[in-house]
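Below is one structure, written out as structure tokens, with a few remarks after it.
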Amino acid sequence: MDQHDVGQHDVDQQHELQTNSTSSRIDRRVFLSASGGALAAAALSSTALQGLPSMIHNSVDETIRVGLVGCGGRGTGAVINALNVEPRAKLVAMGDIFKDRLDSSLKNLLDEEHADRIDVSEEMQFSGWDSFEKVIENCDLVILATTPHFRPEQIEKAVAAGKHIFAEKPVATDAPGVARVRAAARIADQKGLTLVSGLCYRYQDAKQQTIDRVHDGSIGDIITLQCTYNTGGLWHRGRKDEWSEMEYQVRNWYYFNWLSGDHITEQSIHSIDKMMWAMKDAPPAKCSASGGRTCRTEEKWGDIYDHFNCVFEWENGTKLFHSCRQWSGADGDVSDYVHGTRGTAAIQRHRIDGEVNWKFSGSPNDMYDAEWVELFRSVKGERDRINNGEYMCNSTLASILGRTAAYTGKTITWDEMSSSELDLSPVAYEFGPAPAVEIARPGTTKFS
Ligand SMILES: NC(=O)c1ccc[n+]([C@@H]2O[C@H](COP(=O)([O-])OP(=O)(O)OC[C@H]3O[C@@H](n4cnc5c(N)ncnc54)[C@H](O)[C@@H]3O)[C@@H](O)[C@H]2O)c1
Numbered sequence: 007m008d009q010h011d012v013g014q015h016d017v018d019q020q021h022e023l024q025t026n027s028t029s030s031r032i033d034r035r036v037f038l039s040a041s042g043g044a045l046a047a048a049a050l051s052s053t054a055l056q057g058l059p060s061m062i063h064n065s066v067d068e069t070i071r072v073g074l075v076g077c078g079g080r081g082t083g084a085v086i087n088a089l090n091v092e093p094r095a096k097l098v099a100m101g102d103i104f105k106d107r108l109d110s111s112l113k114n115l116l117d118e119e120h121a122d123r124i125d126v127s128e129e130m131q132f133s134g135w136d137s138f139e140k141v142i143e144n145c146d147l148v149i150l151a152t153t154p155h156f157r158p159e160q161i162e163k164a165v166a167a168g169k170h171i172f173a174e175k176p177v178a179t180d181a182p183g184v185a186r187v188r189a190a191a192r193i194a195d196q197k198g199l200t201l202v203s204g205l206c207y208r209y210q211d212a213k214q215q216t217i218d219r220v221h222d223g224s225i226g227d228i229i230t231l232q233c234t235y236n237t238g239g240l241w242h243r244g245r246k247d248e249w250s251e252m253e254y255q256v257r258n259w260y261y262f263n264w265l266s267g268d269h270i271t272e273q274s275i276h277s278i279d280k281m282m283w284a285m286k287d288a289p290p291a292k293c294s295a296s297g298g299r300t301c302r303t304e305e306k307w308g309d310i311y312d313h314f315n316c317v318f319e320w321e322n323g324t325k326l327f328h329s330c331r332q333w334s335g336a337d338g339d340v341s342d343y344v345h346g347t348r349g350t351a352a353i354q355r356h357r358i359d360g361e362v363n364w365k366f367s368g369s370p371n372d373m374y375d376a377e378w379v380e381l382f383r384s385v386k387g388e389r390d391r392i393n394n395g396e397y398m399c400n401s402t403l404a405s406i407l408g409r410t411a412a413y414t415g416k417t418i419t420w421d422e423m424s425s426s427e428l429d430l431s432p433v434a435y436e437f438g439p440a441p442a443v444e445i446a447r448p449g450t451t452k453f454s
């Protein structure tokens with residue numbers, strides 16, 4: 007089993023919770039059934055919807071019906087996290103483009119300690135391109151854990167149906183996709199829906215306390231930031247004669263930019279997100295970068311790069327030096343530092359060194375469970391409602407900015423990236439031909 011198949015990246019072992027600027031204080035108990043909530047929401051103006059509490063209530067009982075879209079390693083893991091922390095939660099529907107993936111996920115879940123709350127009848131098992139829509143129809147809260155390319159449409163549909171959402175990172179692989187998610191997240195806010203991002207480090211107490219110290223001035227003014235996400239290689243799922251090119255690409259999604267966003271967006275987004283968090287989620291003004299394919303050069307590795315080096319620069323001159331690579335056999339390193347006028351914060355190591363010296367004591371919480379604790383508290387109206395839409399879009403776009411600067415060899419501004427109309431979607435969502443595999447060449451590949 008590979009990192010993805012076991013559910014989370016080997017190095018993603020920590021996390022945290024974050025309240026969001028768009029959260030709304032829930033001060034009255036209004037029960038909102040999932041589908042009834044959508045209808046009610048549609049009947050109200052967006053102003054009237056501001057602050058609408060996001061409670062779940064089934065007429066039959068207090069069960070929170072969870073649906074899973076994308077039955078791979080992470081989706082299966084997310085179900086376990088949800089059931090770990092909320093006794094009212096029950097998995098009632100599952101969907102995957104491939105039936106065999108759904109079957110193996112369901113089997114694994116039925117072998118888990120929460121098997122008594124895995125209640126997915128055959129009628130609630132969906133496969134194919136439209137499986138996500140059927141899952142969304144049949145749950146109160148949906149886990150969106152497919153290949154990243156499909157997230158914008160899934161988030162749009164879940165919001166339109168009035169469902170609470172857990173959305174894995176990244177939320178898109180191109181700028182038009184990010185714009186769609188941004189718009190949907192705003193509507194989710196108006197509808198009083200909870201939207202939690204799988205950018206899980208933000209939900210880990212140790213990271214929260216370290217970043218709090220960056221924000222409270224313990225290291226003075228930020229001068230530079232540095233982050234590294236160097237890992238080994240991942241899985242490859244082979245090729246079968248009976249598969250169309252589209253099936254081959256979707257099964258081996260990691261290696262196709264239109265599907266994964268490349269590893270800077272799919273994996274290193276965690277590092278970029280921590281740096282964005284340190285910068286209070288202010289977008290960088292521009293980025294220049296380099297990257298390429300040093301080790302993964304064969305055709306089976308699709309069109310993605312295996313290393314990137316980026317320099318992001320903010321309006322005030324603050325720079326982030328970012329690097330990531332996936333080279334099997336080379337040294338691994340996942341670390342990030344914020345250097346200030348009075349000291350340095352080592353975010354991954356949870357310490358501050360300088361005029362103020364501090365280190366997180368004790369064991370960090372399990373970030374993967376922690377994000378679910380807060381998600382359910384939000385859904386049940388026990389805390390400010392969470393809508394992580396803004397930062398999950400900004401961090402996704404920042405990673406796409408780094409990728410695009412490397413692919414083109416051009417310095418690209420945030421504004422140019424935000425308004426890019428380059429849509430990586432295929433001509434048709436069907437098992438047949440797939441997008442052409444073209445490896446970007448800096449200096450030749452155009453920014454659009
Ligand atoms: N937050 C974290 O630490 C973390 C860790 C690992 C993965 N992830 C993210 O979770 C997502 C899934 O990663 P994974 O490792 O589970 O991959 P995976 O390949 O194991 O699972 C993805 C599943 O989605 C299914 N799928 C693909 N397209 C689909 C579609 N259109 N409709 C329905 N199902 C579809 C695939 O068949 C597969 O079963 C990725 O976005 C990844 O970046 C996050």
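Its first residue numbered 7, the sequence shown is counted upward by one per residue in the numbering used here. Where a beta carbon is used, it is the ideal one built from N, C-alpha and C, also for glycine. What you are looking at is a predicted structure, and each value in this text was computed from that prediction instead of being measured.
Euclidean distance between Cα positions of residue i and residue j
{"i": "D429", "j": "L74", "result": "26 Å"}
{"i": "N363", "j": "Q196", "result": "43 Å"}
{"i": "F318", "j": "R188", "result": "22 Å"}
{"i": "Y397", "j": "H221", "result": "16 Å"}
{"i": "S277", "j": "W320", "result": "17 Å"}
{"i": "S274", "j": "N236", "result": "9 Å"}
{"i": "K113", "j": "R123", "result": "13 Å"}
{"i": "G298", "j": "Q210", "result": "33 Å"}
{"i": "N87", "j": "W378", "result": "7 Å"}
{"i": "N498", "j": "F453", "result": "A question about residue 498 goes unanswered here, because the residues of the chain that appear run from 7 up to 454."}
{"i": "P432", "j": "P441", "result": "6 Å"}
{"i": "T410", "j": "E436", "result": "27 Å"}
Nearest residue (CA-CA) to residue i, options the options
{"i": "V85", "options": "Y397, K286, I171", "result": "I171"}
{"i": "I358", "options": "R302, G223, A411", "result": "G223"}
{"i": "G81", "options": "L108, E305, T69", "result": "L108"}
{"i": "H345", "options": "V379, G387, R219", "result": "R219"}
{"i": "T300", "options": "H313, P289, K292", "result": "H313"}
{"i": "A288", "options": "S266, Y261, L326, R302", "result": "L326"}
{"i": "L89", "options": "K105, R71, G79", "result": "R71"}
{"i": "E129", "options": "W135, M285, K140, G78", "result": "K140"}
{"i": "G244", "options": "F437, D67, H155, W307", "result": "W307"}
{"i": "R447", "options": "F437, T414, S454, D421", "result": "T414"}
{"i": "W135", "options": "E159, T179, S329", "result": "E159"}
{"i": "M373", "options": "R383, G204, V385, K286", "result": "G204"}
{"i": "R257", "options": "S369, L97, T152, L115", "result": "T152"}
Three-state secondary structure (DSSP) of residue i
{"i": "Y343", "result": "strand"}
{"i": "A212", "result": "helix"}
{"i": "I358", "result": "strand"}
{"i": "T451", "result": "coil"}
{"i": "A446", "result": "coil"}
{"i": "C77", "result": "coil"}
{"i": "M373", "result": "helix"}
{"i": "F382", "result": "helix"}
{"i": "H155", "result": "helix"}
{"i": "R302", "result": "coil"}
{"i": "T414", "result": "helix"}
{"i": "L428", "result": "coil"}
{"i": "D177", "result": "Going by the sequence as given, residue 177 is Val instead of Asp. V177 falls in the coil class under three-state DSSP."}
{"i": "Y254", "result": "helix"}
{"i": "G168", "result": "coil"}
{"i": "L97", "result": "strand"}
{"i": "C316", "result": "strand"}
{"i": "C145", "result": "coil"}
{"i": "V202", "result": "strand"}
Buried/exposed call for residue i, threshold 16 Cβ in 10 Å
{"i": "T347", "result": "exposed"}
{"i": "A351", "result": "buried"}
{"i": "P439", "result": "exposed"}
{"i": "E388", "result": "exposed"}
{"i": "P93", "result": "exposed"}
{"i": "W458", "result": "Residue 458 is absent from the structure shown; the chain starts at 7 and stops at 454."}
{"i": "T216", "result": "buried"}
{"i": "E380", "result": "buried"}
{"i": "T450", "result": "exposed"}
{"i": "G395", "result": "buried"}
{"i": "K169", "result": "buried"}
{"i": "A99", "result": "buried"}
Presumed contact (8 Å Cβ cut-off) between residue i and residue j, rounded CB distance
{"i": "D268", "j": "V91", "result": "With a Cβ gap of about 33 Å, D268 and V91 do not count as contacting."}
{"i": "I229", "j": "T324", "result": "7 Å"}
{"i": "S5", "j": "G101", "result": "No information on residue 5 is available, as it lies outside the stretch 7 to 454 that the chain covers here."}
{"i": "C233", "j": "M282", "result": "Contact flag wrong, Cβ pair sits at about 10 Å."}
{"i": "T200", "j": "T402", "result": "Not confirmed; about 19 Å, so no contact."}
{"i": "H155", "j": "L240", "result": "That belief does not hold up - the Cβ atoms of H155 and L240 are roughly 17 Å apart, past 8 Å."}
{"i": "A191", "j": "N393", "result": "6 Å"}
{"i": "P182", "j": "E427", "result": "6 Å"}
{"i": "G408", "j": "A295", "result": "5 Å"}
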